[in-house]
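J.: Handing you a structure now.
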Ligand SMILES: [Zn+2]
Ligand SMILES: [Zn+2]
């Protein structure tokens, strides 16, 4: 079991597990994205509505002023609404520009930028995704962008690497692409945004069967299903993990507030809520 009085050295915490606009709007599941602490890099991937609230409610505590990295996989509002609020936290204590923001070009372009113009000036480094590009949000930690296909917006998955860190990846909102098994093959832990129970190609989202075939090709030690729609939430966590787990791969359906010790996950997976 995790020690509930402190966080592990390297961990992720699900500030939200909502998939689709419907779940976001009802808040059947929270929509705050994923907090990560990887080496010296701390921040949030896809801070959707309520991200700040979920951070402030977290036990043990985490704080927006400790953030030094913010990452958007794409501009959809359930992934981006709290970006500026958290950037305020990231830059609050510094008179000089501070922190690292990674986003897509269509999140940044003038006229329709998700990141507000006045906020851009407060940030030390802003980087734009491109397929295969590798960024260093903090010393000793790298993030690789993986091109996705998601209706009408630029979208990228992520692969984190670093000394003392297991390689872990995020498949964000996307149709299943042929090159995913190759791109994610060295991930020991993979988090998969899985909105759908059954494939619906026009929706450009991963389904449970898409996730299953990807896991069968990659065979990571651990996998977490998140960003779930109503059908998957109705199915329940136990059934999802039963359907997807493979010999050597433990699969868990994320819950709001679930924390995962990244090292523990690949050495006998133990999430805890
Ligand atoms: Zn989404
Ligand atoms: Zn989306």
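Numbering (our numbering), first residue to last: 766 to 1038. The beta-carbon is built from N, C-alpha and C at its ideal position, and this holds for glycine as well.
For the beta strand (DSSP E) holding residue 902, just list the boundary residues, first then last.
T.: That run of the beta strand (DSSP E) goes 899-903.
J.: Would you say the segment 806-823 touches the segment 1010-1018, given that touching needs at least three Cβ pairs under 8 Å?
T.: No: the two stretches stay apart, fewer than three of their Cβ pairs being nearer than 8 Å.
J.: With contact counted as at least three CB pairs below 8 Å, one residue from each stretch, are the segment 783-803 and the segment 972-980 in contact?
T.: No: the two stretches stay apart, fewer than three of their Cβ pairs being nearer than 8 Å.
J.: Is any non-hydrogen atom of ligand 2 found closer than 7 Å to the C-beta of residue 877, if you look at the structure I gave you?
T.: Every heavy atom of ligand 2 is 7 Å or more from the Cβ of residue 877, so no.
J.: For the structure I just gave you, are there three or more beta carbon pairs, one from the segment 797-806 and one from the segment 899-911, closer than 8 Å?
T.: Contact holds: three or more Cβ-Cβ distances are below 8 Å.
J.: With distances taken Cα to Cα, identify the nearest neighbour of residue 860 among 874, 888, 837 and 836.
T.: Looking at the Cα atoms, 888 is the closest of the given residues.
J.: Going by DSSP in three states, residue 834 sits in which element: helix, strand or coil?
T.: The answer is strand: DSSP assigns residue 834 an E or B state.
J.: My parser needs the beta strand (DSSP E) runs of 3 or more residues fully inside the segment 778-809; what are they?
T.: Listed in chain order, the complete beta strand (DSSP E) runs (minimum 3 residues) inside the segment 778-809 are 796-803.
J.: Pairing CB atoms from the segment 922-932 with CB atoms from the segment 844-851, are three or more of them under 8 Å?
T.: Too few Cβ pairs lie closer than 8 Å, so no.
J.: Measuring from the CB of residue 913, is there a heavy atom of ligand 2 at a distance below 7 Å?
T.: Result no, Cβ not under 7 Å from ligand 2.
J.: Got a sec? Which residues, its chain only, sit under 6 Å from residue 1030 by beta carbon, not counting five neighbours each side?
T.: 954 and 987.
J.: With burial defined as no fewer than 16 other Cβ atoms inside 10 Å of the residue's Cβ, what is the status of residue 1038: buried or exposed?
T.: Residue placement at residue 1038 cannot be trusted, given a pLDDT of 42 that sits under 50; what the coordinates show is reported in the next sentence. Looking at its Cβ environment, which holds fewer than 16 other Cβ atoms inside 10 Å, residue 1038 is exposed.
J.: Let me check one thing: in DSSP terms, what residues is residue 879 bridge-paired to?
T.: In DSSP, residue 879 forms no bridge with anything.
J.: If we ignore side chains and look at the alpha-carbon of each, how far apart do residue 870 and residue 919 end up?
T.: One C-alpha to the other measures close to 8 Å.
J.: Under a Cβ-count criterion, where at least 16 other Cβ atoms within 10 Å of its own Cβ denotes burial, should residue 894 be classed as buried or exposed?
T.: The residue in question, residue 894, is buried, as its Cβ has 16 or more Cβ neighbours within 10 Å.
J.: Roughly how many angstroms separate the alpha carbons of residue 1027 and residue 776, rounded to a whole number?
T.: Spanning the two alpha carbons is a distance of roughly 5 Å.
J.: Put residue 1008 into one of helix, strand or coil per three-state DSSP.
T.: DSSP places residue 1008 in helix when its eight states are reduced to three.
J.: Evaluate residue 872 with the Cβ neighbour count: other Cβ atoms within 10 Å of its Cβ, from every protein chain shown; 16 or more gives buried, anything less gives exposed.
T.: Buried, by the Cβ-count rule.
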